[in-house]
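Per UniProt numbering, the sequence shown runs over residues 1 to 201. From the three backbone atoms N, C-alpha and C, an ideal C-beta is built for every residue, glycine too. Computed from a predicted structure; not experimentally measured. One structure is given below, encoded as C-alpha cells.
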Amino acid sequence: MVESMKEIFEVQSCIRRFPWLIQMVKSRLFHELCDQHIKEQRRYFCCDCMIPPFCNVCFKKNDHKDHLIIQAFRCSNQTGVRKDFISNYMDISGIHMFSVNRSWIVFINQRCESDVHCFRNNVSHRCKVCGWAFETASSAFCSVECKFRSVLGSQLDDMMESSDDVDEPVVKRKENSEDVSGPIMKRKHRRKGTPYRSPFY
Numbered sequence: 001m002v003e004s005m006k007e008i009f010e011v012q013s014c015i016r017r018f019p020w021l022i023q024m025v026k027s028r029l030f031h032e033l034c035d036q037h038i039k040e041q042r043r044y045f046c047c048d049c050m051i052p053p054f055c056n057v058c059f060k061k062n063d064h065k066d067h068l069i070i071q072a073f074r075c076s077n078q079t080g081v082r083k084d085f086i087s088n089y090m091d092i093s094g095i096h097m098f099s100v101n102r103s104w105i106v107f108i109n110q111r112c113e114s115d116v117h118c119f120r121n122n123v124s125h126r127c128k129v130c131g132w133a134f135e136t137a138s139s140a141f142c143s144v145e146c147k148f149r150s151v152l153g154s155q156l157d158d159m160m161e162s163s164d165d166v167d168e169p170v171v172k173r174k175e176n177s178e179d180v181s182g183p184i185m186k187r188k189h190r191r192k193g194t195p196y197r198s199p200f201y
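Below, the structure is given as C-alpha cells:
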C-alpha cells in the first residue's frame, strides 16, 4: 500500500511538472493528415504551446523557437516517442520498447484499442492494463497511457477530461474562452448627437 501511494505521488508530481504529458496521451491526431497541408502527416507536438499535433510544414512556418518539441514515430500502426526523450520527464520502467530506425521508442497510447495482437492465445506475458501480448517478461505495460492508468486508475480520465482539448482548433478554443455572460446588443444606427426640440410656430 505504501509503495502504491508512492507511485501515485510520483506520477501526479510528474504530471503537475509536465502537464503536456496528459495532452500528449489525450491527443488522437498523431499521424493524421494535416488540415492545412493534406499530404503531410502530423508528426510533431509542442510541449510549450500544447496545440494539436502538426506537420513538418506547419513546424517550419510557425515560430516554435526554444520550445520543447516531440517528434512522433509510427510503428505497428501505433504512435511512439523516443525512449531517450521521454525518460527525461517520466519513469518509463516497465514500459515495453520497440526499435525503429536504430532508436528505441515507447508507445503513447494503449495497444489493445484496435490491435488484434491482444487476442493471441497461449501468451504468458501481457500488459497489466489492456492485455496486449508481450514476448518477454521484462515489460509490464504496453504504453505510457497504460502505465499512467495502472497507477492513477479513473483519475487519469478525470485529468484528461478536465484539461483543455488538445485536438480542438486553437481559434475555436479562444472563442470558447471569451466572456459568455450574455450577448451585447449593438445599435443598428449611430446616434447623431444631442437631440433638440423643434421650435413652436
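Simplified DSSP state of residue i, which is helix, strand or coil
i: Arg132; result: It is Trp, not Arg, that sits at residue 132 in the sequence shown. It is coil, neither helix nor strand.
i: Asp127; result: At residue 127 the sequence reads Cys, which differs from the Asp that was named. Cys127: coil per DSSP, three-state reduction.
i: Cys34; result: coil
i: Phe18; result: coil
Residue of the options minimising C-alpha distance to residue i
i: Asn88; options: Val100, Ile70, Arg102 and Ile8; result: Ile70
i: Ile105; options: Cys112, Gln78, Ser27 and Arg126; result: Gln78
i: Lys6; options: Met160, Val151 and Gln155; result: Val151
i: Asp63; options: Cys75, Arg74, Asp48 and Ser124; result: Asp48
i: His31; options: Phe45, Gln23 and Ile22; result: Phe45
i: Lys147; options: His125, Met90 and Phe98; result: Met90
i: Asp157; options: Met97, Gln23 and Phe54; result: Gln23
Exposure of residue i, with buried meaning 16 or more beta-carbon neighbours within 10 Å
i: Val57; result: exposed
i: Ile86; result: buried
i: Ile38; result: exposed
i: Phe107; result: buried
i: Lys26; result: buried
Extent of the continuous alpha helix (DSSP H) to which residue i belongs
i: Cys146; result: Val144 to Leu152
Span of the beta strand (DSSP E), counted from its first residue to its last, around residue i
i: Phe45; result: Tyr44 to Cys46
Extract the residue ranges of the alpha helix (DSSP H) inside the stretch 48 to 111, only unbroken runs of 4 or more that lie entirely within it.
Runs of the alpha helix (DSSP H) lying entirely within the stretch 48 to 111, each at least 4 residues long, are 56 to 61 and 83 to 86 in chain order.
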